[in-house]
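Peer 1:
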Amino acid sequence: MLSKFQKNIFLITAPSGAGKTSLIKNILKYANIREKKIFLSISDTTRAPRQGELNNIDYCFIDKLKFKENIKDGKYIEHAEVHGNFYGTPKANIEQHLEDGYKVILEIDWQGALTILKYYPDAQSIFISPPSLEDLSKRLTKRGLDSEEVILKRIKGAELELKQKDHFKFQIVNNLLDTATENLINIIFKGNNG
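Structural data, given as structure tokens:
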């Protein structure tokens with residue numbers, strides 16, 4: 003793929019609870035209001051949908067046999083097995099949207115982002131950090147979605163993830179959502195991506 007298209011790929015990663023999903027929702031709203039061409043890539047997964055998740059909106063939910071066929075057919079830029087379920091990033095939709103002039107966002111973990119950077123070396127990589135691990139712990143507790151044990155596990159995971167942030171071209175500390183959103187808008191839409 004031509005590198006001029008690759009610079010319109012934005013790999014966004016963050017520890018759980020750092021606000022990545024809220025930031026991406028704000029970016030999509032911004033793009034919609036201003037009629038900017040943007041596409042949020044949707045991963046395939048073999049796990050069952052969680053309550054409230056919709057097929058072809060949150061994920062493309064497929065069975066393991068189909069997933070393995072897709073791997074064999076080279077349909078994924080990257081794929082991984084996590085807790086017995088498979089996740090993969092299909093390349094056809096990404097490449098089609100890039101050719102049609104879209105900015106393409108991939109909400110992805112740091113390992114997947116680094117794998118995609120091997121495939122698309124000119125993609126823009128963005129790491130979203132919480133102000134501190136203490137702040138992250140408060141956010142996760144306030145969300146009320148996880149047990150204390152799960153929160154401790156997520157904090158431990160976040161410590162490891164934060165050590166990877168230097169592999170990313172851009173780093174945004176999500177201290178205030180509005181400020182972090184503005185920083186992300188600048189990177190994606192205002193050409194502040196080097």
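Sequential numbering from 3 applies to the sequence shown in the numbering used here. Just so you know, even glycine gets a beta-carbon here, dropped at the ideal spot from N, CA and C.
1) Using the rule of at least 16 other Cβ atoms within 10 Å of the residue's Cβ for burial, across every protein chain shown, is P51 buried or exposed?
2) Could you tell me the alpha carbon to alpha carbon distance between N72 and Y61, rounded to whole angstroms?
3) Out of curiosity, what's the CA-to-CA distance linking M3 and K68?
4) Here's the rule I'm using: 16 or more other beta-carbon atoms within 10 Å means buried, otherwise exposed. How should Q126 be labelled?
5) In the DSSP output, what is I40 paired with across the bridge?
6) With DSSP run on the structure shown, which of helix, strand or coil describes T47?
7) Got a sec? Which residues, its chain only, sit under 7 Å from F191 by beta carbon, not counting five neighbours each side?
8) Put H81 into one of helix, strand or coil per three-state DSSP.
9) Buried or exposed for D46, please, with buried defined as at least 16 other CB atoms from any protein chain shown within 10 angstroms of its CB.
10) When the distance is taken between beta carbons, is P132 closer than 7 Å to A20?
11) CB A182 to CB P17, shorter than 7 Å?
12) For G196, I'd like the list of residues in its chain whose CB is within less than 6 Å of its CB, leaving aside the five on either flank, ordered along the chain.
13) Of the residues K66, D65, T91, G103, which one's Cα is nearest the Cα of F7?
14) Rounded C-beta distance between Y121 and I79? I'm assuming under 8 Å.
15) Using the C-alpha atoms, what's the distance from F12 back to I174?
16) Tell whether a beta-carbon distance below 7 Å holds between L186 and I40.
Peer 2: Based on what the coordinates show:
1) To locate residue 51, count along the sequence shown from 1; it is residue 49. With fewer than 16 Cβ atoms within 10 Å of its Cβ, P51 is classed as exposed.
2) Here the question's residue 72 lines up with position 70 in the sequence shown. Here the question's residue 61 lines up with position 59 in the sequence shown. Cα-Cα distance, rounded: 15 Å.
3) Taking the sequence shown and counting its residues from 1, the one referred to as residue 3 is at position 1. Taking the sequence shown and counting its residues from 1, the one referred to as residue 68 is at position 66. Residue confidence is low: M3 scores 49 on pLDDT, short of 50, so the model does not pin down where it sits. Its coordinate-derived value is still stated next. Approximately 26 Å, taken between the alpha carbons.
4) Your numbering for residue 126 matches position 124 in the sequence shown. With 16 or more other Cβ atoms within 10 Å, it is buried.
5) Looking up residue 40 in the sequence shown gives position 38. Answer is K105, bridged to I40.
6) If you number the sequence shown from 1, residue 47 lands on position 45. Correct three-state label for T47: strand.
7) Here residue 191 refers to the residue found at position 189 of the sequence shown. Closer than 7 Å at Cβ, skipping near neighbours: K38.
8) By 1-based counting over the sequence shown, the position of residue 81 is 79. Of the three classes helix, strand and coil, the one that applies to H81 here is strand, per DSSP.
9) Position 44 of the sequence shown, counted from the start, is the residue given in the question as residue 46. Buried, because 16 or more other Cβ atoms sit within 10 Å of the Cβ of D46.
10) Position 18 of the sequence shown, counted from the start, is the residue given in the question as residue 20. Position 130 of the sequence shown, counted from the start, is the residue given in the question as residue 132. It is a contact, given that the beta carbons lie within the stated cut-off.
11) Counting from one through the sequence shown, the residue named residue 182 turns up at place 180. Counting from one through the sequence shown, the residue named residue 17 turns up at place 15. Cβ distance not < 7 Å, so A182 and P17 don't count as in contact.
12) Against the sequence shown, residue 196 aligns to sequence position 194. Low per-residue confidence applies at G196: pLDDT is 44, beneath 50, and the placement is therefore not dependable, though the value from the model is reported in the following sentence. Contacts found: none.
13) As a working note, residue 7 is residue 5 in the sequence shown. Measuring from the Cα of F7, the nearest candidate turns out to be G103.
14) For the purposes of this step, residue 121 is taken as residue 119 along the sequence shown, with counting starting at 1. For the purposes of this step, residue 79 is taken as residue 77 along the sequence shown, with counting starting at 1. Between I79 and Y121 the Cβ distance is about 5 Å, and since that is below 8 Å, they are a contact.
15) Numbered from its first residue, the sequence shown carries residue 174 at position 172. Numbered from its first residue, the sequence shown carries residue 12 at position 10. For I174 and F12, the distance between alpha carbons rounds to 13 Å.
16) For the purposes of this step, residue 186 is identified with residue 184 of the sequence shown, where counting begins at 1. For the purposes of this step, residue 40 is identified with residue 38 of the sequence shown, where counting begins at 1. Against a cut-off of 7 Å, the Cβ pair of I40 and L186 comes out as no contact.
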